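Protein chains: 2
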Amino acid sequence: MTAYKAPLDDLRFTLFDVLEAEKTLTSLSGGEAHSRDLFDAVLEEAGRFSEQLLAPTNWPADTEGCHFDKAAHTVTTPKGFKEAFKQFADGGWTGLTNPEAYGGQALPAVLGTATTEIFQSGNLAWSLYPLLSEGSTHAMEMHGEEWQRQLYMKPIVEGRWTGTMCLTEPQAGSDLGMIKTRAEPAGKSGEHDLYKISGTKIFISAGEHDLTENIVHLVLARLPDAPAGSRGISMFIVPKVKVNADGSLGERNTVTAGSIEHKMGIHACSTCVMNFDNAEGFLIGKPHKGLAAMFTMMNAARLSVGVQGLALAERALQNSLNYARERLQSRALSGAKFPDKVADNLLVQPDVRRMLLTQRAFVEGSRALLLYTALQTDIEARATDEAARKKAGELVAFLIPIAKGVVTELAQECTKEALQVYGGHGFIAENGMEQFVRDARIITLYEGTTGIQAADLLGRKILQLQGVGLKHFLEEISTFCHAQKGNEALRSLIGPLATFTKQWGELTMKLAQNIQANPEELGAAANDYLYYSGYVAIAYLLAKGVAAAEAGTQSEAFKQAKRDTASFYFARLLPRCLMHQAAIEAGIATVPEIA
Amino acid sequence: MTAYKAPLDDLRFTLFDVLEAEKTLTSLSGGEAHSRDLFDAVLEEAGRFSEQLLAPTNWPADTEGCHFDKAAHTVTTPKGFKEAFKQFADGGWTGLTNPEAYGGQALPAVLGTATTEIFQSGNLAWSLYPLLSEGSTHAMEMHGEEWQRQLYMKPIVEGRWTGTMCLTEPQAGSDLGMIKTRAEPAGKSGEHDLYKISGTKIFISAGEHDLTENIVHLVLARLPDAPAGSRGISMFIVPKVKVNADGSLGERNTVTAGSIEHKMGIHACSTCVMNFDNAEGFLIGKPHKGLAAMFTMMNAARLSVGVQGLALAERALQNSLNYARERLQSRALSGAKFPDKVADNLLVQPDVRRMLLTQRAFVEGSRALLLYTALQTDIEARATDEAARKKAGELVAFLIPIAKGVVTELAQECTKEALQVYGGHGFIAENGMEQFVRDARIITLYEGTTGIQAADLLGRKILQLQGVGLKHFLEEISTFCHAQKGNEALRSLIGPLATFTKQWGELTMKLAQNIQANPEELGAAANDYLYYSGYVAIAYLLAKGVAAAEAGTQSEAFKQAKRDTASFYFARLLPRCLMHQAAIEAGIATVPEIA
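These protein sequences, in sequence, are chains H and C. According to this note's numbering, the first sequence is numbered sequentially starting from 1. According to this note's numbering, the second sequence is numbered sequentially starting from 1.
In structure tokens, the structure reads:
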């Protein structure tokens, strides 16, 4: 079993000192009341909830898993899940960032991102039930009609129902253009056009469960007149239990879970095969525009999966640090540090500190990157100045594949190193560290694999959008480097940061030319370009953290830790850019066909 | 479920073309009959055995796990294990490399290494039962008395019993000096001194099972007059069932399994807590010299764990390559490659080929490194020339921590990338890919963590032994570079190989000076030095492979694949040395104390 304490100090520091979120958020439309005091209270309450109600269930629930009743097509979630979900809903957490008109609290996305980290650290599998709901309420808010929002979105916001997103089919994963699920017009239900949906969806997280009385599935399917490929996909609302016009529950719809998957991790999340057998549903958004609609909410979903990487890495770090403090074994290389004890602790070993500092740098850097991106989504949504909204939107589009792609990959390394600190004890299930490694393994796969993120970054955000988001980001780093030139605390950081940033721009230009000459070059470079981008972005945010700490009122120990982490990162992790640069420059010739 | 086909072509190529093993082995003492034909037959038979009897059990056995009967202290292994072990013993595999005098076949270690790869690919958890036996027979061969070898070693060689190594205790893992298990003199058993052993050992692989009628535990314990720490540890033979002077089985000894561990992977291997309660045993080797005795057989054990990394990576690669060939999804970046199919396969994506080539480079490089090292152990044991034996021994000592430390770490990356090729399907248990990731996670932990390997390499093999093994290896690479200068096929490889090799030597010198000034520098650099060493060693062996392929009689496709793999490795993976160099040079200042 592993402990968990919400990292409120670093969350507050990142939000208020590094990102100066209060200043920004209170200036946004509807943000007058979004003061630091309010956020502090929310973060503390989220911490309490996660530490007390979620964190203790993490390992037992994974061991218990979900129970599927084949005859009844029902899923029973592990012990404690239902109660925790009820309290979560009662506490208003399900509608934290939704509009007040639908029962939400209209708080900023960046605060939602911070609390999501806390809940996911507590129990990632549990947190997927409300998380999937967020995607569906976003979709209905943006693309639904008012009656759909009142009838299907509001109960989810209020925590009475949950939502899912049904995209993947056996033959259609990364390539959603290949989906086959059909939707046939079937007359009217009251005044609304009705459709009958048939097909099989797989990998549906929270597709069936016992937490709420109803589940609203958002389903991608093809209308009879649909063009082939990704331009012929529409989105439908398909409730598990049909909903009467007054919002009361009617008959059971013909959508059922066919089975739940046996997975490497997140055992406590029911991942379902969903069978739609002439199930009744309603079109949401325009016909054939379902994929585009799905993608408008993809940013939020991908950001949340990035946060999952952070959440797992944070909890893994906390426990490996505690273990390194408490485990007595061997002596320091330069002689006993604790001669009165039977042995020194693991912390005296520089190689153990290397593993811990690697985790700390990635955790704190990832947190800053994710919250930075989330704050931009608030600016994009609610800035009073249109130019500011546009710029923020461009930054978000650019940063999302980095935040999802890189943070989830770094979480693999973090959870692996955290386990490694435990030695052989890390391999033992009861110690809880191996669960983090297993759970982390899904996050580089779902909501678009790392390969998909890399292609999105280089193909869409750099080439198609002509790198406008990158330009904003490079400018911001340059401004920062210039402003911090005389800051003694950042002396060893600004030089390398400026160098790698310049190199990032130059690499991008060269790469764009190569890809114009041969589109295959995109695939040969995308993954390494993604990592390169991520490492420089994190370098910037860690340096910004050191600057903020110097100017802040935190303890000297806190400031020293920030300096140490950044110094470790710049000396030992940022140079990974060198190998990614070499790989990018090597090009398609080094990735020849395989027989 | 995953497929497996023994990679006989690459094994043969590496053994006979790259390493020219036949020439070496037939020149060794007792090696007159060790012809290529013999080895070919052994490899083919091992392949058949593994493909037919082991590989199909891999996933079902992991799902079933071992059953522990708490009342009876017995372990039942999964379905098929007992039958496979019987056939394994009947086929003479248990004694493949043991002396003929004790029922073995006296075949070279390098052949044993190759067949071990094949068996471990088939089913790693199963293969641990005979593997642990190897360690114990080695120990008895080297340190036991003749009566001990006849009574306890011979039945293991014949496959009638198995052996274990009982080192770890709850408070003593990496630091074996802290073990507490006691051994008290207890008179005589026949003509031999008897001891009574008491204590608890943990993480005992194959500590209890139903494959054989007896198990011989080699146990580290302290005699009453033992000095404190690692100089006071002795090794004892403690059989599960006592053995009469005529070799027949007597009473049950008082050593029992207290429980089996719930682990992240290798579920089909019983990892036991062993309780010794005045269990009868015999001293093996000299009093208080048990740790040294244990370490003499550590080389073989560590090499075998390195082979586990190769074995898992090989099978993971085979399956991810098949999946990439068969899975149809999306189109190539430069337009459809298979326009008559619903989509192109994954192989047309350069980023998927990057993942496959990464695996192939590490698999083939690791295989060459492990077989190279194993061949040196044969030379060390049986060269007729003493200088040759000495040099080989120095090479072995130097290469073992690299072969164990680096290959097991690369296996983490290989199995991770193999799973990633499957996308979301990789996370589903039935597809079998996630098992490789889980199984691989133990190998950087047991037989000495990666940190222990790194400290052994830099502290013992480089500093204490003044880098004599490294010097031999650097000389060999230099000779190779010189000889291949005019070889057109190696044109792009020799330059970087020579550069990184030179840098390796220089880094070592600088590092040695730094450590003399401050011993803590060892801990700050060891891990990155280990990786640096591994990447250069693999570069050398892949380049050697290209040279051997050019000179060989393999197909053009085989030769092209060797060139492609090396070219990919040199352009995209070898530059990782740059980041490791940066980390090494950053030194202890960047790994400060953690509060």
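Ideal Cβ positions, reconstructed from N, Cα and C, are used throughout, including at glycine. Note that the coordinates shown come from a computational prediction; the quantities given were computed from them, not determined experimentally.
Taking the continuous alpha helix (DSSP H) assigned at residue i, which residues delimit it?
i: H:P60; result: 58-64
i: C:M579; result: 576-586
i: H:N123; result: First-last for H:N123: undefined, no H or E at that position.
i: H:L370; result: 350-382
i: H:T479; result: 468-483
i: C:L54; result: Premise fails: C:L54 is in no alpha helix (DSSP H) and is neither H nor E.
i: C:A547; result: 520-551
i: C:M165; result: Note, C:M165: premise wrong, no alpha helix (DSSP H); beta strand (DSSP E) at 161-166.
Go ahead and pull the three-state DSSP assignment for residue i.
i: C:L25; result: helix
i: H:T408; result: helix
i: H:H209; result: coil
i: H:N431; result: helix
i: H:D69; result: strand
i: C:S330; result: coil
i: C:V255; result: strand
i: C:G451; result: helix
i: C:T115; result: helix
i: H:I443; result: coil
i: C:A172; result: strand
i: C:G250; result: strand
Would you kindly work out how many angstroms separate the C-alpha atoms of residue i and residue j, rounded to a whole number?
i: H:E100; j: H:R48; result: 25 Å
i: H:R327; j: C:V407; result: 27 Å
i: H:G265; j: H:S320; result: 20 Å
i: H:E191; j: H:E280; result: 15 Å
i: C:T626; j: C:Q503; result: What is shown of chain C runs 1 to 595, which leaves residue 626 of chain C out entirely.
i: C:K510; j: H:S334; result: 19 Å
i: H:A316; j: H:A3; result: 9 Å
i: H:A268; j: H:E208; result: 12 Å
i: H:Q359; j: H:L25; result: 30 Å
i: C:V243; j: C:F295; result: 27 Å
For the beta strand (DSSP E) that contains residue i, what are its first and last residues?
i: H:V274; result: Reading off the sequence shown, one finds Met at residue 274 of chain H, where the question assumed Val. Taken as a continuous stretch (DSSP letters only), the beta strand (DSSP E) holding H:M274 covers 271-284.
i: H:Y195; result: 192-205
i: C:K242; result: 241-243
i: H:T508; result: Not the beta strand (DSSP E): H:T508 falls in the alpha helix (DSSP H), residues 491-517.
i: H:G187; result: 182-189
i: H:I215; result: 214-221
i: H:V75; result: 74-76
Using beta carbons (cut-off 8 Å, strictly below), is residue i in contact with chain H?
i: C:G523; result: yes
i: C:I477; result: no
i: C:Y446; result: yes
i: C:E191; result: no
i: C:R491; result: no
i: C:A429; result: yes
Counting contacts by CB-CB distance shorter than 8 Å, is residue i in contact with chain C?
i: H:K416; result: yes
i: H:Q349; result: yes
i: H:R460; result: no
i: H:R302; result: no
i: H:P185; result: no
i: H:G247; result: no
i: H:F599; result: Because chain H is modelled from 1 through 595, residue 599 of chain H falls outside the range shown and cannot be assessed.
i: H:H262; result: yes
i: H:I538; result: no
Review point. Do the stretch 107-114 of chain H and the stretch 81-90 of chain H make contact, defined as three or more Cβ pairs closer than 8 Å?
Key: no
Check your understanding: So does the stretch 464-473 of chain C actually touch the stretch 394-401 of chain C, counting three or more Cβ pairs closer than 8 Å?
Key -> yes
Check your understanding: Are the stretch 376-389 of chain C and the stretch 337-352 of chain C in contact at 8 Å, needing three or more beta carbon pairs?
Key -> no
Exercise for review: Count the C-beta pairs between the stretch 548-560 of chain C and the stretch 11-20 of chain C that are closer than 8 Å, then say yes if the count reaches three, no if not.
Suggested key: yes
Practice item. Pair every Cβ in the stretch 351-367 of chain H with every Cβ in the stretch 409-421 of chain H, then say whether three or more of these pairs are closer than 8 Å. Key: yes
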